[in-house]
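Quick notes on the structure that follows.
Residue numbers (the working numbering): 19 to 161.
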């Protein structure tokens, strides 16, 4: 037999591009408003105690987060001369934001992969490629 492992969202997605754009715009505005309100009010979670940082790739997601919390420092991790660092620098410059670069060495990478694998129990390359730069930026932000 066939096993269903996913289902369509409820309500069904719209086929109207204008309605879809309006829905995304509303969701982003609501999310940014909630984030900004939480950081202004002090919130009730541990992340709102002024120790906030943005893992910044220069892409849409991290750009939106950085725009919502302009007082938070932005961090990027990567090898010297990597595309990731160049893209983050370009976006940070366009946003007039400071960027803290965590340059990764091969020794750093080996240590971080081991730490991430031990903490998460995940050892596949896709998970490591996502988690390791976040781990390294979090280490730098916490230092």
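All C-beta atoms, glycine included, are put in the ideal place defined by N, C-alpha and C. All values reported here derive from a predicted model rather than from experimental measurement.
| request: Put residue 63 into one of helix, strand or coil per three-state DSSP. | output: By one-based count along the chain shown, residue 63 stands at place 45. Legend: pLDDT at residue 63 = 46, less than 50; position of this residue unreliable, no value from coordinates given.
| query | What are the boundary residues of the alpha helix (DSSP H) that residue 127 is part of? | reply | Position 109 of the chain shown, counting from 1, holds the residue named residue 127. Its alpha helix (DSSP H) spans residues 124-138.
| query | In the DSSP assignment, what residue or residues form a beta bridge with residue 95? | reply | Position 77 of the chain shown, counted from the first residue, corresponds to residue 95. In the DSSP assignment, the residues bridged to residue 95 are 120.
| request: Would you mind sorting residue 84 into buried or exposed? The rule is 16 or more other CB atoms within 10 Å of its CB. | output: Walking along the chain shown from the start, residue 84 turns up at place 66. Residue burial is scored here from C-beta neighbours: residue 84 has at least 16 other C-beta atoms within 10 angstroms and is therefore classed as buried.
| When the Cβ atoms of the stretch 128-135 are set against those of the stretch 84-94, are three or more pairs found closer than 8 Å? | The count of Cβ pairs closer than 8 Å, one atom from the stretch 128-135 and one from the stretch 84-94, stays below three, leaving the stretches out of contact.
| the stretch 105-117 contacting the stretch 131-144, beta-carbon criterion three pairs below 8 Å | Short answer: they don't touch.
| field | Helix, strand or coil at residue 112 [DSSP, three-state] | value | Position 94 of the chain shown, counting from 1, holds the residue named residue 112. Residue 112 falls in the helix class under three-state DSSP.
| field | Extent of the continuous alpha helix (DSSP H) to which residue 84 belongs | value | Position 66 of the chain shown, counted from the first residue, corresponds to residue 84. Segment 78-86, the alpha helix (DSSP H) holding residue 84.
| task | Kindly indicate which three-state DSSP category residue 46 falls into: helix, strand or coil? | result | Indexing the chain shown from 1 puts residue 46 at position 28. Three-state result, residue 46: helix.
| field | Three-state secondary structure assigned by DSSP to residue 73 | value | Reading the chain shown from its first residue, position 55 is the one you call residue 73. The answer is strand: DSSP assigns residue 73 an E or B state.
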